[in-house]
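Notes follow once the structure below has been shown.
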Amino acid sequence: MRLVILGAPGSGKGTQGELLGKRYGIPQIATGDILRAGMAAGTPLGTGARDLVNEGSLVQDDVMLELIDRRLGRADAAKGFVLDGFPRSIPQAEGLERILKKLGAKLDAVIKLDVPKRVLIERLTERTSCPGCGSVYNLSSNPPVAAGRCDRCGGGLVSRVDDTEETVRKRLNVYQASTTPLIDFYDSRGLLLIVHGLGTIPEVTAEIEKGIRGLVR
Ligand code: G5P
Ligand code: MG
109 MRLVILGAPG SGKGTQGELL GKRYGIPQIA TGDILRAGMA AGTPLGTGAR DLVNEGSLVQ
169 DDVMLELIDR RLGRADAAKG FVLDGFPRSI PQAEGLERIL KKLGAKLDAV IKLDVPKRVL
229 IERLTERTSC PGCGSVYNLS SNPPVAAGRC DRCGGGLVSR VDDTEETVRK RLNVYQASTT
289 PLIDFYDSRG LLLIVHGLGT IPEVTAEIEK GIRGLVR
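Heads up: take any position in the sequence shown, counting from 1, add 108, and you land on my numbering.
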């Protein structure tokens with residue numbers, strides 16, 4: 109199964125991408141997580157991306173395409189993958205088609221999570237996550253059992269630097285300008301599955317799985 113999860117910041121790409129990865133036994137490839145790991149480790153990729161990520165701008169298309177080219181060439185992606193946060197622009201989507209052609213592979217579905225802007229801002233300003241194991245929480249709808257501590261590994265929870273209200277608004281504008289054209293791009297290829305992302309996490313997962321069953325026969 110080769111999937112893309114498309115959606116605005118805070119629409120649930122990471123949350124649902126992880127669950128879909130487990131459900132179908134395929135790796136979740138989250139470009140934001142890869143960039144943040146590079147930033148934490150001080151790699152050339154992370155150092156080059158740091159300012160752009162922290163201010164809510166997109167990292168250059170050629171940098172992202174090189175990263176994805178390498179990642180999709182790894183053995184664990186041969187049986188499928190769920191791309192979370194990539195592609196994010198028409199040049200990235202066109203580049204992905206070239207990479208997949210080279211690998212002799214095709215996408216099965218592009219899931220677009222639809223969530224109103226007001227809810228997105230609320231979700232992101234209330235999100236905390238664990239830098240140790242990557243678990244994501246929400247202070248209102250999905251809080252950790254012990255305040256400030258990760259349920260899975262006990263690590264201290266933090267807010268992302270780009271989750272301030274000002275930077276969230278900037279990220280939403282960038283999404284609108286650069287990423288929403290991908291909705292028509294994938295619709296015209298018969299791959300688009302629009303899912304309302306407003307329910308509880310299990311409800312949204314069930315909607316996605318139902319949609320995939322209808323699209324992938
Ligand atoms: P990221 O890391 O890809 P964004 O901005 O696209 O960042 P973000 O913030 O990671 O997206 P998300 O993954 O869509 O959001 O959402 P999430 O973390 O799963 O959920 C958000 C909150 O809602 C959580 O509190 C969660 O508990 C709750 N929630 C989730 N799902 C549900 C649900 O179904 N129901 C309910 N009720 N709640 C839910 O990219 C970061 C930066 O990296 C660079 C850019 O600088 C970008 O700004 N970057 C790229 N640049 C260029 N090209 C690319 N391809 C790039 N990829 C990353
Ligand atoms: Mg995410």
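In this text, a Cβ means the ideal position worked out from N, Cα and C, and glycines have one as well.
Quick caveat: nothing in here was measured; it's all calculated off a predicted structure.
**Request:** Check whether the Cβ atoms of Asp192 and Gln136 sit closer than 9 Å, and answer yes or no.
**Result:** Taking the first residue of the sequence shown as position 1, residue 192 is located at position 84. Taking the first residue of the sequence shown as position 1, residue 136 is located at position 28. Against a cut-off of 9 Å, the Cβ pair of Gln136 and Asp192 comes out as a contact.
**Prompt:** Within this structure, are the beta carbons of Ser237 and Val227 separated by less than 9 Å?
**Reply:** Here residue 237 refers to the residue found at position 129 when the sequence shown is read from its first residue. Here residue 227 refers to the residue found at position 119 when the sequence shown is read from its first residue. No. Outside cutoff.
**Message:** Can you give me the C-alpha to C-alpha distance between Ala149 and Lys130, rounded to a whole angstrom?
**Reply:** Here residue 149 corresponds to residue number 41 of the sequence shown, with the count starting at 1. Here residue 130 corresponds to residue number 22 of the sequence shown, with the count starting at 1. So the alpha carbons of these two residues sit roughly 26 Å apart.
**Message:** Distance check for Asp292 and Asn246, CA to CA, integer angstroms please.
**Reply:** The residue given as residue 246 occupies position 138 in the sequence shown. The residue given as residue 292 occupies position 184 in the sequence shown. Near 31 Å, if we compare the C-alpha coordinates of Asp292 and Asn246.
**Item:** Residue from Glu205, Ala217 and Asp271 whose Cα sits closest to the Cα of Arg235
**Value:** Taking the sequence shown and counting its residues from 1, one reaches residue 235 at position 127. Nearest C-alpha to Arg235: Asp271.
**Item:** Run of the alpha helix (DSSP H) containing Gln200, from where it starts to where it stops
**Value:** Residue numbering aside, residue 200 sits at position 92 when the sequence shown is read from its first letter. Ile198 to Leu211 is the extent of the alpha helix (DSSP H) around Gln200.
**Item:** Asp192: CB within 8 Å of a non-hydrogen atom of the ligand MG
**Value:** To locate residue 192, count along the sequence shown from 1; it is residue 84. Flag set: Cβ of Asp192 near the ligand MG.
**Request:** Inspect the CB distances between the stretch 185-202 and the stretch 162-172 and report whether three or more fall short of 8 Å.
**Result:** yes
**Request:** Starting from Lys220, trace the beta strand (DSSP E) both ways and give me its first and last residue.
**Result:** In the sequence shown, counting from the first residue as 1, residue 220 sits at position 112. Segment Ala217 to Asp222, the beta strand (DSSP E) holding Lys220.
**Asked** Residue range of the alpha helix (DSSP H) that Gly154 falls in?
**Response** Position 46 of the sequence shown holds residue 154. Start and end: Pro152 to Glu163.
**Prompt:** Near Leu232, which residues of its chain fall below 7 Å by C-beta distance, leaving aside the five closest residues on each side in sequence?
**Reply:** On the sequence shown, residue 232 is found 124 positions in, with the first residue counted as 1. Excluding positions up to five away in sequence, the list reads Pro117, Gly118, Asp271 and Val276.
**Request:** Inspect the CB distances between the stretch 246-258 and the stretch 282-300 and report whether three or more fall short of 8 Å.
**Result:** No: fewer than three Cβ pairs fall under 8 Å.
**Message:** Does Arg144 pass the burial test, meaning 16 or more other C-beta atoms within 10 Å, or should it be called exposed?
**Reply:** On the sequence shown, residue 144 is found 36 positions in, with the first residue counted as 1. Buried is the call here.
**Prompt:** Are Lys278 and Gly164 touching if we call contact CB-CB under 9 Å?
**Reply:** For the purposes of this step, residue 278 is taken as the residue at position 170 of the sequence shown. For the purposes of this step, residue 164 is taken as the residue at position 56 of the sequence shown. Closer than 9 Å, so yes.
**Item:** Own chain, CB closer than 7 Å to Gly188, minus 5 neighbours either side, in chain order
**Value:** The sequence position of residue 188 within the sequence shown is 80, counting from 1. Excluding residues within five positions, the ones whose Cβ falls inside 7 Å are Met109, Arg110, Tyr132 and Ile134.
**Message:** Val269 and Asn162 - do their beta-carbons sit closer together than 9 Å?
**Reply:** In the sequence shown, residue 162 corresponds to position 54, counting from 1. In the sequence shown, residue 269 corresponds to position 161, counting from 1. In this structure, Val269 lies closer than 9 Å to Asn162 by Cβ.
**Prompt:** Between Leu300 and Lys209, is the Cβ-Cβ spacing less than 9 Å?
**Reply:** Counted from its first residue, the sequence shown places residue 300 at position 192. Counted from its first residue, the sequence shown places residue 209 at position 101. When the beta-carbon positions are compared, Leu300 and Lys209 stay at least 9 Å from each other.
**Prompt:** Per DSSP, what kind of secondary structure is Thr288 in: helix, strand or coil?
**Reply:** For this step, residue 288 is matched to residue 180 along the sequence shown. For Thr288, the secondary structure class from DSSP, reduced to helix, strand or coil, is coil.
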